[in-house]
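Colleague: For what it's worth, our numbering labels the leading residue of the first sequence as 2, then goes sequentially.
Quick reminder that beta carbons are idealized off the backbone N, C-alpha and C, glycines included.
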Amino acid sequence: MPAASPSSYERFYAIVRRIPRGRVSTYGAVARLAGLPGHARQVGYALAALRDGSAVPWHRVVNAKGELSLKRAASPSGVTQRLRLAREGVVVDAGARVSLARFGWRVRERVARSAPD
DNA sequence: CCACTGACGAGTG
DNA sequence: GCACTCGCCAGTG
């Protein structure tokens with residue numbers, strides 16, 4: 002098994018798997034959460050290496066502008082991403098963009114206070 | 001080894 | 001919002 006080396010890909014996949022349904026995250030955020038800030042490009046590379054049937058919800062990952070990075074290609078992957086997002090209620094506009102303000106996944110870094118100040 | 005490319009991002013003007 | 005630069009790492013010729 003080639004699992005001898007601590008593939009950073011697996012680290013990225015682990016984060017992507019945590020993105021809740023109906024939400025999206027960004028390449029940069031995934032890299033950051035994986036403990037590898039600045040490796041956004043490698044996240045894209047890792048997702049591109051995924052095979053059909055993987056349990057990784059790669060379609061929930063968009064770039065920092067909220068755009069689907071596969072819009073450039075009419076590849077089946079691009080279509081699949083739009084289809085899956087639509088099925089989860091995520092709105093993608095004509096410019097292949099998603100409102101990060103509305104659908105961006107917010108990682109809770111602090112616990113909600115049960116009692117306000 | 002070098003140049004170039006790619007599902008990226010942040011900074012500057 | 002647009003154009004440009006630099007940083008990041010893997011794969012290819």
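Taking the Cβ atom as the reference point for each residue, do residue 18 and residue 66 lie within a distance shorter than 9 Å?
Modeller: No, the pair does not count as a contact, with Cβ atoms beyond the cut-off.
Colleague: Run the CB neighbour count on residue 62, radius 10 Å, all protein chains shown included, and call it buried at 16 or more, exposed below.
Modeller: Flag for residue 62 reads buried.
Colleague: Give a yes or no on contact between the region 42 to 54 and the region 8 to 17, applying the rule of three or more CB pairs nearer than 8 Å.
Modeller: Touching, per the Cβ criterion.
Colleague: Roughly how many angstroms separate the alpha carbons of residue 89 and residue 38, rounded to a whole number?
Modeller: Each residue's alpha carbon lies about 28 Å from the other.
Colleague: Let me know the secondary structure DSSP gives residue 11 once reduced to three states.
Modeller: It is helical.
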